[in-house]
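Structure record follows, encoded as structure tokens.
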Amino acid sequence: MTWSAGGDSETEQQQQRHVKAYAWEARTRGIAVLGLVHPGGVPSSFVGPAVEAGLDGLVLEGEFPGGERFVSEVRRALQSKNSAAVVVPLIAREKHAPSLDTPILAAADAVAPGLREFARGVEATPSSEPWIDSNIWLARSICSWSGIRPVWLGEHLATNAAPADYLRAIADAAVGGGRWVVALSDELHHGLRQKQPEATAAWRRIAAYLKFQQEHADWYEYAPFAVYGFIQDSSGKDRAISGENLNLACRQRIPLRVIERAQLSAAALEGLRAVHGIDLIQPTEQERKILSAFVENGGLAVAGPSWKQMEIPKNQDFAVLPAGRGRVAVYRDEWPEPGSLAKDLVDLLGRDNLGVRFFRAASVLSHISIDKTGNRMLVQLLNYASYSADSVLVRVVGDFRTARFYTPESAPEEVALEKSDGRLEVNIPRLPVYGVLLLEK
Amino acid sequence: MSEQQMEMTRRQLLVGMGLAAGAIALGRSECTWAAPSSVPTAPVSVAKCRSYDEDLAAKLKTMFDQIGGIGKLVQGKTIAIKLNLTGGGRGFPPYPHGDTFWVNGKLTAAVCHLFNQAGAKRIRLLESNSVGLKVEDKILDGGWDMKLLKNAAPDLEFENTNNLGSGKRYARLRAKSAHPYIYPAFDLNHSYEDCDLFVSLAKMKHHEECGVTLSMKNVFGATPCSIYGDDAGVDEPNEGVRRGRAEVLHFGRRQPSKSAPQEVDLTSDRYEGHRVPRIVTDLIGARPIDLAIIDGIQSCVGGEGPWVPRSKALPPGQPGLLVVGLNPVCTDTVAVALMGYDPRAEAGKPPFKVWKDKKQGDYQREHGDLPQFGDNTLLLAEAVGLGSAELKQIDVRGVPIKDAGFDFESRRAPWPAEAR
């Protein structure tokens with residue numbers, strides 16, 4: 257709930273009276289209430305009333321004077337009033353780092369998920385895939401080091417968002433391991449207040465999606481199924497381009513896991529076919545050793561020009577260097593063009609080596625994960641188009657015996673697993689928005 | 008004789024042959040050629056077909072019979088079928104690709120079934136996909152039913168012809184014409200040579216640069232990007248090629264790999280509306296189509312695929328046509344007439360009226376602000392003797408054109424003001 261926006265004191269007090277009444281009512285129903293603070297006020301003006309109202313926390317959205325210092329001030333002001341309320345800065349991914357001292361991580365630069373036919377700077381060609389705005393990569397990027405801290409995404413949808421847009425936002429965050437800060441449009445708020453049937457129906461659907469995420473919380477803790485290890489450097493200076501590389505690798509539906517640079521070890525690369533070393537602008541001796549050992553054992557490392565001085569053929573962005581039983585793809589540029597790099601990855605890995613492939617799924621992104629025993633594989637599928645994705649075919653390598661398809665709005669269904677050329681195929685007849693395929697051995 | 012006089016003579020000669028409009032479409036470099044004294048013609052069968060759920064095999068069998076039967080053509084032979092599977096991506100939802108801008112999977116299965124039944128020794132489906140992407144995977148992605156296809160012809164083979172593929176060397180196929188327009192010969196994947204019967208299985212649709220995609224334009228995709236792609240090797244083919252054919256074929260900004268035959272005239276017009284129809288004609292001369300099958304059961308208008316601005320899908324049942332013939336020029340001529348156009352229309356007139364947004368396109372680097380057009384491939388092909396583009400000379404069997412025509416032009420999204 258909006259708590260402070262730096263307005264005149266009368267307006268602020270009026271708003272806070274409403275929120276206070278709401279918070280009391282909400283608490284009786286077991287709902288936590290956080291106050292949203294926008295720049296303009298000083299901690300002394302909004303912290304006291306927040307404690308008095310019994311808010312569970314304050315979310316700081318926007319650019320505050322002093323940045324992190326302001327966050328600390330708010331935190332101190334709450335502590336001085338013996339409040340356990342949390343402070344959540346809603347900030348851009350680039351400002352997120354493992355060192356961030358906050359119990360909840362919230363990204364402000366998430367996008368409204370959906371599909372665009374044409375995106376700026378992207379040429380429409382016969383082989384163009386539709387441009388998908390997704391936050392899966394963003395949530396995964398932060399979740400890779402967040403530990404048990406929840407990751408929230410704070411994007412706002414269009415004012416005329418359709419019910420399915422809300423569902424997509426919830427699922428988009430969930431697929432990446434995060435949660436969407438549900439933000440209804442004024443129109444939907446109004447409709448709910450008026451008990452309009454469409455608004456009520458939309459809310460029920462939203463609630464079903466949120467409930468589904470809650471009921472299957474354990475699923476979202478499964479480890480990523482990966483053939484590609486994406487090493488990211490959260491303290492690197494080119495985080496925007498690194499993020500775009502991760503975004504586009506996810507868009508190519510490459511099963512991957514994000515490895516924070518500080519966590520890079522031989523164990524972190526176990527089971528992978530390839531590793532993304534582009535973020536390692538100047539690999540340390542230790543990092544070089546780890547990647548070299550990985551390559552010697554048959555892996556593929558994708559590296560920048562600092563890996564080795566070599567002649568890259570004209571008309572090509574990289575050259576492949578055999579090493580031991582594996583290969584190193586050495587790029588000419590420190591930061592290759594992300595779109596080309598993502599396509600290169602698929603070619604370098606080989607489509608048949610991805611472990612899981614998707615067909616008839618141009619508007620669908622996925623996340624694949626496995627439980628600790630390795631007996632259960634989850635394939636989350638999210639359709640970013642406003643129309644249903646029909647007959648999505650999932651091809652899996654593995655000896656699974658049963659397949660079940662779950663969606664938030666209908667009962668789970670057994671789906672047929674068919675063998676084709678030694679691989680298993682599952683056909684999902686209809687995917688309006690989101691579904692989870694559970695495969696079991 | 009001055010060049011102008013020579014051109015007049017050439018035009019007069021064409022007029023005498025009923026090719027006057029064609030002469031308008033032909034460029035200066037072609038004016039000194041001797042026109043063919045006669046051009047081949049072959050019957051074309053037309054059928055109405057409203058749905059891919061009809062008995063396509065029965066319908067096609069009748070059509071094949073109407074053009075003389077396929078028994079002798081097929082029995083004991085290796086057949087290569089060039090599919091029309093351009094692009095991919097999201098397509099035109101909610102329709103599967105094969106209903107709108109790709110040739111349809113059920114129709115392909117019906118063709119394969121008939122070939123198989125007629126005793127074909129080998130049937131190979133060809134398309135130039137992204138390198139590393141199997142044809143089987145591409146068609147699966149586009150919504151084709153692989154089981155249906157494999158049931159139709161159990162030993163079906165697939166080849167991605169965008170590079171060397173399963174071959175050991177490229178096949179060099181020379182244009183039969185003494186006067187190739189752009190290329191005297193092409194280096195293609197072996198599958199285009201290693202066949203006894205070459206079939207073009209195409210979609211009936213508009214095309215952004217050529218006006219129409221039919222059986223001849225479909226073969227443009229036979230050119231391997233390893234040699235004709237923007238990132239083709241300079242000296243030798245690049246087997247890991249990634250990009251399309253714009254730089255080499257559309258605009259001639261660079262030459263194909265030196266290992267392949269180069270252009271005959273490097274001073275010729277670089278505009279794609281001039282080049283692409285001529286390259287298509289050269290290709291048909293080098294790799295003649297023995298059987299043309301055009302899928303007009305359902306289609307799209309305004310362009311060859313969803314990436315073309317203002318293109319859109321037609322609903323099921325439109326245009327509701329199938330066209331089959333042994334001569335691709337004749338077959339495409341009939342198809343153009345069925346689309347509601349004059350097959351002898353000059354460049355710049357529908358369907359050879361084309362328009363690209365100058366702000367978005369890169370064609371004006373070669374073309375400036377000159378009026379845009381696509382040359383008439385039918386007339387270019389006729390001029391080099393590949394077949395007749397004169398409706399009166401073509402024996403149309405099955406449903407008469409007047410009873411089967413579908414007005415493509417009226418279904419287009421309106422032309423932008425600048426193009427009207």
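In the order they appear, the protein sequences are chains A and B.
Number 309 in this note's numbering belongs to position 53 of the first sequence; there are no gaps in the numbering.
Number 59 in this note's numbering belongs to position 52 of the second sequence; there are no gaps in the numbering.
Note that the Cβ used here is the ideal one computed from N, Cα and C, for glycine as well.
Note that this is a predicted model, so its numbers are computed, not measured.
- In the DSSP annotation of this structure, the continuous segment of the alpha helix (DSSP H) that includes B:Gln73 starts and ends at Leu63 to Gln73.
- DSSP places B:Cys119 in the helix class (H, G or I) of the three-state scheme.
- Neighbourhood of A:Glu385 in chain B, by CB distance below 9 Å: Gly95, Gly96 and Arg97, in chain order.
- Contact check for A:Pro664 against A:Ala418 fails: the beta carbons are separated by 7 Å or more.
- Under the criterion of beta carbons closer than 8 Å, B:Lys409 and B:Asp302 do not qualify as touching, at roughly 21 Å.
- Shown here, A:Val367 sits in coil according to DSSP, grouped into three states, outside any helix or strand.
- Scanning chain A for C-beta atoms nearer than 9 Å to the C-beta of B:Gly247 yields Gln572 and Asp603, reported in chain order.
- Residue environment analysis places A:Tyr643 among the exposed positions, since fewer than 16 neighbouring C-beta atoms fall within 10 angstroms of its C-beta.
- Contact of A:Phe615 with chain B is assigned, a C-beta pair being separated by under 7 Å.
- Out of B:Asn170, B:Met153, B:Asn169 and B:Thr168, the CA that lies nearest to the CA of B:Asp162 is found in B:Met153.
- For the stretch 321–353 of chain A, no residue has a beta-carbon sitting nearer than 7 Å to a beta-carbon of chain B.
- For A:Ala395, same chain residues with a beta-carbon under 7 Å away, outside a window of 5 residues either side, are Val407, Leu409, Ala429, Gly432, Gly433 and Gly434 in chain order.
- Cβ proximity to chain B below 8 Å picks out Ala641, Tyr643, Ser644, Asp646, Ser647 and Leu649 from the stretch 620–650 of chain A.
- Counting every other CB atom within 10 Å of its CB across the protein chains shown gives A:Met566 a total below 16, marking it as exposed.
- Chain-ordered, the chain B residues with CB closer than 9 Å to the CB of A:Arg607 read Gly139, Leu140, Lys141 and Asp144.
- Approximately 16 Å separates the beta-carbon atoms of A:Asp535 and A:Asp600; this is outside 8 Å, ruling out the contact.
- For A:Arg660, the uninterrupted beta strand (DSSP E) segment begins and ends at Thr658 to Thr663.
- Per the C-alpha coordinates, the member of B:Asp364, B:Ala253 and B:His214 positioned closest to B:Ala239 is B:Ala253.
- Annotation: the continuous beta strand (DSSP E) that includes B:Asp302 extends over Leu298 to Gln305.
- Closer than 7 Å to the CB of B:Asp148 there is at least one CB belonging to chain A.
- Where A:Ser666 is concerned, there is no enclosing alpha helix (DSSP H), although the beta strand (DSSP E) around it starts and stops at Ser666 to Glu670.
- A:Gln519 sits in a helix when the DSSP states are folded into three classes.
- The beta-bridge partner set that DSSP reports for A:Glu681 consists of A:Arg651 and A:Glu674.
- Every alpha helix (DSSP H) stretch that sits fully inside the stretch 141–196 of chain B and reaches 4 residues is listed by chain position as 142–148 and 153–159.
- For the stretch 653–683 of chain A, there are no residues whose beta carbon sits under 7 Å from a beta carbon of chain B.
- Rounded to whole angstroms, the gap between the alpha carbons of B:Glu311 and B:Val219 is 8 Å.
- Close CB contacts of A:Ala439 within its chain, under the 6 Å cut and outside five residues either way in sequence, are with His412 (chain order).
- Residue environment: A:Trp387 is assigned as buried (16 or more neighbouring CB atoms within 10 Å of its CB, all protein chains considered).
- Contact between the stretch 333–340 of chain B and the stretch 372–391 of chain B is established, with three or more Cβ pairs separated by less than 8 Å.
- Under the three-state reduction of DSSP output, B:Val287 falls in the helix class.
- Interface annotation for the stretch 219–241 of chain B against chain A: Asp237, Asp238, Ala239, Gly240 and Val241, criterion Cβ-Cβ distance under 9 Å.
- Shown here, A:Leu638 sits in a strand according to DSSP, grouped into three states.
- The three-state secondary structure of B:Glu425, taken from DSSP, is helix.
- Look at A:Thr415 here: in three-state DSSP terms it is coil, with no helix or strand label.
- If you check the CB distance, A:Phe481 and A:Ile684 do not come in under 7 Å.
- Chain-order list of chain A residues neighbouring B:Gly309: empty, with the shortest C-beta distance near 13 Å, by a criterion of under 7 Å.
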